[in-house]
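Per UniProt numbering, the very first residue in the sequence shown carries number 1; after that it's consecutive.
Glycine is no exception: its CB is placed at the ideal position from the N, C-alpha and C atoms.
Shown next, in C-alpha coordinates, is the structure this report addresses.
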Amino acid sequence: RQAGKRRRPTSLLSYRRKSKKMSEEKKDEIKPESSEHINLKVTGQDGSVVHFKIKKNTPLRKLMSAYCDRAGLKLGVVRFRFDGNPINETDTPSGLDMEDGDSIDVFQQQTGGLL
1 RQAGKRRRPT SLLSYRRKSK KMSEEKKDEI KPESSEHINL KVTGQDGSVV
51 HFKIKKNTPL RKLMSAYCDR AGLKLGVVRF RFDGNPINET DTPSGLDMED
101 GDSIDVFQQQ TGGLL
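Structure follows, in C-alpha coordinates:
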(Lines of atoms letter the chains of each structure in order from A and count residues from 1; the text may use other names and numbers.)
(Lines give C-alpha, C1' and ligand atoms only; values in the text may rest on other atoms or scores of the structure.)
Protein backbone atom coordinates (compact mmCIF):
# COMPACT_ATOMS: atom_id res chain seq x y z
CA ARG A 1 0.00 0.00 0.00
CA GLN A 2 1.11 3.49 -0.72
CA ALA A 3 1.31 5.92 2.17
CA GLY A 4 -1.77 8.09 2.51
CA LYS A 5 -4.04 5.85 0.41
CA ARG A 6 -6.65 3.90 2.25
CA ARG A 7 -7.79 0.60 0.93
CA ARG A 8 -11.49 0.55 0.32
CA PRO A 9 -13.10 -2.50 1.87
CA THR A 10 -14.83 -4.87 -0.50
CA SER A 11 -18.50 -5.13 0.19
CA LEU A 12 -20.16 -8.52 0.32
CA LEU A 13 -22.31 -7.60 -2.69
CA SER A 14 -19.33 -6.78 -4.91
CA TYR A 15 -17.60 -9.97 -3.75
CA ARG A 16 -20.62 -12.04 -4.83
CA ARG A 17 -20.67 -10.35 -8.22
CA LYS A 18 -16.99 -11.07 -8.73
CA SER A 19 -17.27 -14.70 -7.70
CA LYS A 20 -20.34 -15.21 -9.89
CA LYS A 21 -18.54 -13.65 -12.84
CA MET A 22 -15.48 -15.84 -12.24
CA SER A 23 -17.58 -19.01 -12.03
CA GLU A 24 -19.34 -18.09 -15.30
CA GLU A 25 -15.96 -17.60 -16.96
CA LYS A 26 -14.81 -21.02 -15.75
CA LYS A 27 -17.96 -22.63 -17.18
CA ASP A 28 -17.06 -21.19 -20.58
CA GLU A 29 -13.53 -22.62 -20.34
CA ILE A 30 -14.57 -26.15 -19.38
CA LYS A 31 -15.77 -28.19 -22.32
CA PRO A 32 -17.93 -31.18 -21.58
CA GLU A 33 -16.13 -34.46 -22.12
CA SER A 34 -18.94 -35.75 -24.31
CA SER A 35 -18.06 -33.19 -26.98
CA GLU A 36 -14.51 -34.57 -27.29
CA HIS A 37 -15.06 -38.33 -27.02
CA ILE A 38 -17.56 -40.87 -28.23
CA ASN A 39 -18.35 -44.35 -26.92
CA LEU A 40 -18.61 -46.96 -29.66
CA LYS A 41 -19.16 -50.68 -29.60
CA VAL A 42 -17.67 -53.13 -32.05
CA THR A 43 -19.73 -56.27 -32.65
CA GLY A 44 -18.07 -59.39 -34.03
CA GLN A 45 -19.70 -62.06 -36.19
CA ASP A 46 -20.03 -64.28 -33.11
CA GLY A 47 -22.02 -61.58 -31.29
CA SER A 48 -19.17 -60.56 -28.97
CA VAL A 49 -19.06 -56.85 -28.17
CA VAL A 50 -16.01 -54.72 -27.39
CA HIS A 51 -16.51 -51.14 -26.17
CA PHE A 52 -14.21 -48.30 -27.15
CA LYS A 53 -13.95 -44.65 -26.15
CA ILE A 54 -12.34 -42.58 -28.89
CA LYS A 55 -11.99 -38.92 -29.78
CA LYS A 56 -14.43 -37.82 -32.46
CA ASN A 57 -11.64 -36.65 -34.78
CA THR A 58 -9.33 -39.65 -34.35
CA PRO A 59 -9.04 -41.85 -37.44
CA LEU A 60 -10.87 -45.14 -36.92
CA ARG A 61 -7.65 -46.95 -37.85
CA LYS A 62 -6.76 -46.76 -34.15
CA LEU A 63 -10.00 -48.48 -33.06
CA MET A 64 -9.75 -51.06 -35.85
CA SER A 65 -6.18 -51.95 -34.93
CA ALA A 66 -7.00 -52.18 -31.21
CA TYR A 67 -9.96 -54.46 -31.93
CA CYS A 68 -7.82 -56.77 -34.06
CA ASP A 69 -5.14 -56.91 -31.35
CA ARG A 70 -7.74 -57.91 -28.73
CA ALA A 71 -9.42 -60.45 -31.00
CA GLY A 72 -6.14 -61.93 -32.28
CA LEU A 73 -6.96 -61.02 -35.88
CA LYS A 74 -4.97 -59.36 -38.63
CA LEU A 75 -6.33 -56.05 -39.89
CA GLY A 76 -6.18 -57.31 -43.49
CA VAL A 77 -8.58 -60.23 -42.92
CA VAL A 78 -11.51 -58.29 -41.42
CA ARG A 79 -13.89 -55.64 -42.69
CA PHE A 80 -15.56 -52.99 -40.56
CA ARG A 81 -18.98 -51.58 -41.41
CA PHE A 82 -21.13 -48.81 -39.97
CA ASP A 83 -24.80 -48.68 -40.97
CA GLY A 84 -24.01 -51.24 -43.68
CA ASN A 85 -21.31 -49.09 -45.27
CA PRO A 86 -17.60 -49.99 -45.29
CA ILE A 87 -15.33 -48.00 -42.99
CA ASN A 88 -11.96 -46.78 -44.24
CA GLU A 89 -8.98 -46.51 -41.90
CA THR A 90 -8.88 -42.75 -42.41
CA ASP A 91 -12.57 -42.22 -41.54
CA THR A 92 -13.38 -40.52 -38.23
CA PRO A 93 -16.46 -40.83 -36.03
CA SER A 94 -17.21 -37.17 -36.71
CA GLY A 95 -16.88 -37.63 -40.47
CA LEU A 96 -19.32 -40.55 -40.40
CA ASP A 97 -21.79 -38.67 -38.16
CA MET A 98 -21.47 -41.33 -35.46
CA GLU A 99 -23.27 -40.78 -32.18
CA ASP A 100 -22.50 -42.00 -28.69
CA GLY A 101 -23.38 -45.70 -28.37
CA ASP A 102 -23.32 -46.47 -32.11
CA SER A 103 -22.24 -49.94 -33.20
CA ILE A 104 -19.63 -51.00 -35.75
CA ASP A 105 -19.95 -54.48 -37.25
CA VAL A 106 -16.92 -56.65 -38.00
CA PHE A 107 -16.86 -59.34 -40.67
CA GLN A 108 -14.06 -61.72 -41.53
CA GLN A 109 -13.12 -61.44 -45.16
CA GLN A 110 -14.14 -64.57 -47.02
CA THR A 111 -11.81 -66.16 -49.49
CA GLY A 112 -13.20 -67.26 -52.82
CA GLY A 113 -14.27 -70.83 -53.46
CA LEU A 114 -17.07 -73.03 -54.64
CA LEU A 115 -19.80 -74.42 -52.46
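If you draw a straight line from the alpha carbon of residue i to that of residue j, how long is it in whole angstroms?
i	j	result
Val95	Asn57	Strictly speaking, residue 95 in this sequence is Gly, with Val absent from that position. About 8 Å.
Leu60	Asp105	13 Å
Gly76	Ser65	10 Å
Ala71	Glu36	27 Å
Asn85	Asp91	12 Å
Keeping to the same chain, check which residues put their C-beta closer than 7 Å to that of residue i; ignore five residues upstream and five downstream.
i	result
Ile38	Ile54, Lys56, Pro93, Met98, Asp100
Lys74	Cys68
Look up residue i in the DSSP assignment and say whether it is helix, strand or coil.
i	result
Ser65	helix
Asn57	coil
Leu73	coil
Apart from the five residues just before and just after residue i, which ones in its own chain have a Cβ nearer than 6 Å to its Cβ?
i	result
Gly44	Val106
Arg81	Asp105
Asp46	none
Glu89	Arg61
Hey, would you say the C-beta of residue i is under 7 Å away from at least one heavy atom of the ligand COA?
i	result
Leu75	As far as ligands go, the structure on display features none, and thus does not contain the ligand COA.
If residue i sits next to residue j, beta carbons under 8 Å apart, how far is it from one beta carbon to the other, in whole angstroms?
i	j	result
Lys41	Ser103	5 Å
Gln110	Val78	That pair is no contact at about 11 Å.
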